[in-house]
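S.K.: Before I ask anything, here is the structure I am working with.
Put into structure tokens, the structure is as follows:
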């Protein structure tokens with residue numbers, strides 16, 4: 007770029023040469039203010055916008071947007087696609103959608119950009135609905151489009167749609183780039199279909215490190231309870247191979263120790279790290295303190311987390327749960343007051359199940375589902391049957407100071423129980439129930455799913471925010487270790 011800039015500074019400047027220099031800077035992840043000396047064309051503006059992605063450059067992107075409006079290039083397909091891509095990558099999906107909706111014509115690039123924006127922000131249902139609308143309108147798709155769509159389907163655990171995408175790529179003989187195959191592996195894994203994930207993996211003509219990592223994560227080896235084996239691998243990396251672990255490796259060890267209940271050892275490990283601990287490390291350890299009811303460590307970890315990310319409602323909720331499990335109700339009240347003072351809002355728990363390509367979403371103690379009465383009757387029937395088989399409600403999962411009878415009623419309203427019940431009502435015995443939850447499944451719901459799988463002879467796939475659980479004949483693939 008140094009040589010290119012030297013030439014540029016010595017020649018008459020037109021839009022084409024300014025665009026070339028800006029393109030060079032953009033490819034290097036840099037940007038310069040060169041457009042003030044010439045009247046930009048559509049290629050100049052589109053090129054500049056590619057270097058304006060990211061929240062820190064949003065103001066600059068808005069300035070370019072203003073220039074596009076003044077020069078009547080806002081609706082040009084190149085400029086419009088670059089604008090919506092810039093807004094999407096800056097986490098401003100509403101602005102991206104406005105740009106998209108006003109485009110006089112849409113090509114595969116603009117459609118893929120908006121779908122990718124929704125998927126990257128976790129707006130999976132919106133991404134799926136938009137894809138369906140665009141596909142009905144005759145949108146053309148390429149492998150990048152389907153890669154973005156598969157990201158959304160992974161979040162929704164929408165296996166039926168995922169299989170359709172897979173079939174579509176075969177029928178239309180799309181080139182199977184590694185990135186698309188990696189997305190297929192990720193989608194199948196997160197939908198609980200590891201057999202299909204492995205088939206895609208085995209058939210890949212070439213594999214990247216992402217391919218291997220995605221398959222390994224699908225198998226969940228970090229949650230297998232093999233603590234000593236994991237620590238041995240970490241030591242082997244350093245002592246035998248001479249490798250320098252990155253912060254992600256240290257995070258895995260902290261998670262490994264925490265899940266095994268070795269809280270104090272995890273704290274010592276963090277103190278001796280060559281890195282500053284991340285919020286993710288403290289978060290995994292705080293969750294372990296909740297599971298293993300280690301209140302002193304939980305308070306220590308929570309303080310560190312609240313210093314790092316005071317706006318994260320999940321940290322307050324887990325600390326509140328730790329206090330509630332020990333019946334320290336005044337401390338629970340104090341944490342909730344602190345949340346109100348800091349205007350922190352807890353994300354409501356919700357679970358969903360995909361039946362006949364329709365996504366049914368349930369919230370905790372859902373009062374608005376059209377089949378509310380039928381679900382309530384069915385869940386009481388289920389509760390009676392699994393209690394006969396030995397199920398005992400875990401009342402420690404109720405985080406309110408109420409009597410035991412009220413606690414049982416509250417547990418019945420958990421969203422994953424409602425989704426499982428709805429699935430039992432509308433599917434044959436051979437159908438695997440695939441449930442997804444946005445938060446971590448509680449111990450009582452985990453036990454509920456185990457007994458339902460045994461009593462009703464049903465396979466249940468439940469993916470929460472932490473991991474994937476497969477319940478078969480009263481046992482879970484996690485070995486009750488999560």
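In the numbering used here, the protein residues as written are 7 to 488.
Just so it is clear, CB atoms sit at the ideal spot from N, CA and C, and this is done for glycine as well.
Considering only their Cβ atoms, is the gap separating residue 119 from residue 155 smaller than 8 Å?
M.R.: no
S.K.: When the Cβ atoms of the stretch 387–398 are set against those of the stretch 442–449, are three or more pairs found closer than 8 Å?
M.R.: no
S.K.: Our contact map puts residue 328 next to residue 295 with C-beta atoms below 8 Å; I'd like the distance itself, whole angstroms only.
M.R.: 6 Å
S.K.: Could you check the C-alpha separation between residue 383 and residue 368 for me, to the nearest Å?
M.R.: 16 Å
S.K.: Helix or strand or just coil, what does DSSP make of residue 127?
M.R.: Residue 127 falls in the coil class under three-state DSSP.
S.K.: Is residue 360 helix, strand or coil when you go by DSSP?
M.R.: strand
S.K.: First and last residue of the beta strand (DSSP E) that includes residue 475?
M.R.: 474–478
S.K.: Less than 8 Å separating the beta-carbons of residue 365 and residue 461?
M.R.: no
S.K.: Determine the closest residue to residue 423 out of 262, 355, 292 and 85, with distance taken between C-alpha atoms.
M.R.: 355
S.K.: Can you list, in chain order, the residues of its chain with a C-beta nearer than 8 Å to that of residue 471? Leave out the 5 residues immediately preceding and following it.
M.R.: 443, 444, 445 and 446
S.K.: Based on the DSSP secondary-structure assignment, which residues constitute the bridge partners of residue 456?
M.R.: In the DSSP output, where bridge partners are listed per residue, residue 456 has none listed.
S.K.: Rounded to the nearest angstrom, how far is the Cβ of residue 64 from that of residue 12, given a contact under 8 Å?
M.R.: Contact doesn't hold; Cβ gap of about 32 Å is too wide.
S.K.: Among the residues of its own chain, which have a CB less than 7 Å from the CB of residue 197, if the five just before and after it don't count?
M.R.: 163, 165, 168 and 440
S.K.: DSSP state of residue 3, grouped into three classes?
M.R.: Nothing can be reported for residue 3, as the shown portion of the chain is limited to 7 through 488.
S.K.: What is the rounded straight-line gap between the Cα of residue 266 and the Cα of residue 260?
M.R.: 10 Å
S.K.: Could you please give the first and the last residue of the uninterrupted alpha helix (DSSP H) stretch that includes residue 151?
M.R.: 149–162
S.K.: Straight-line CA distance for residue 320 to residue 297?
M.R.: 15 Å
S.K.: At what residues does the beta strand (DSSP E) containing residue 468 begin and finish?
M.R.: 466–469
S.K.: Can you list the beta strand (DSSP E) stretches of 3 or more residues lying completely in the stretch 300–387, in chain order?
M.R.: 356–361 and 364–369
S.K.: Could you check the C-alpha separation between residue 26 and residue 482 for me, to the nearest Å?
M.R.: 58 Å
S.K.: Using the rule of at least 16 other Cβ atoms within 10 Å of the residue's Cβ for burial, across every protein chain shown, is residue 351 buried or exposed?
M.R.: exposed
S.K.: State the beta-bridge partners of residue 440 as determined by DSSP.
M.R.: 467
S.K.: Rounded to the nearest angstrom, what separates residue 182 and residue 139 at their Cα positions?
M.R.: 25 Å
S.K.: Are there 16 or more other CB atoms within 10 angstroms of the CB of residue 270, so buried, or fewer, so exposed?
M.R.: exposed
S.K.: Would residue 286 be called buried (16 or more neighbouring beta carbons within 10 Å of its own) or exposed?
M.R.: exposed
S.K.: Would you give the residue range spanned by the alpha helix (DSSP H) that residue 403 belongs to?
M.R.: Premise fails: residue 403 is in no alpha helix (DSSP H) and is neither H nor E.
S.K.: Around the Cβ of residue 85, are there at least 16 other Cβ atoms within 10 angstroms (buried) or fewer (exposed)?
M.R.: Burial check for residue 85: the Cβ neighbour count within 10 Å reaches 16 or more, so the residue is buried.
S.K.: Ignoring anything shorter than 4 residues, give me the alpha helix (DSSP H) runs that lie fully in the stretch 88–147, in order along the chain.
M.R.: Correct list: 99–107, 114–126 and 130–142.
S.K.: Out of curiosity, what's the CA-to-CA distance linking residue 94 and residue 143?
M.R.: A straight line joining the alpha-carbon of residue 94 with that of residue 143 spans about 22 Å.
S.K.: Just tell me which of 101, 128 and 150 has its CA closest to the CA of residue 114.
M.R.: 150
S.K.: Where are the alpha helix (DSSP H) runs, 4 residues long or more, that stay fully inside the stretch 204–231, in chain order?
M.R.: 215–225
S.K.: Is the beta carbon of residue 403 less than 8 Å from the beta carbon of residue 417?
M.R.: yes
S.K.: I need the straight-line Cα distance from residue 172 to residue 459, nearest angstrom please.
M.R.: 29 Å
S.K.: So what does DSSP say about residue 425, is it helix, strand or coil?
M.R.: helix
S.K.: How about residue 263 and residue 233: are their beta carbons less than 8 Å apart?
M.R.: yes
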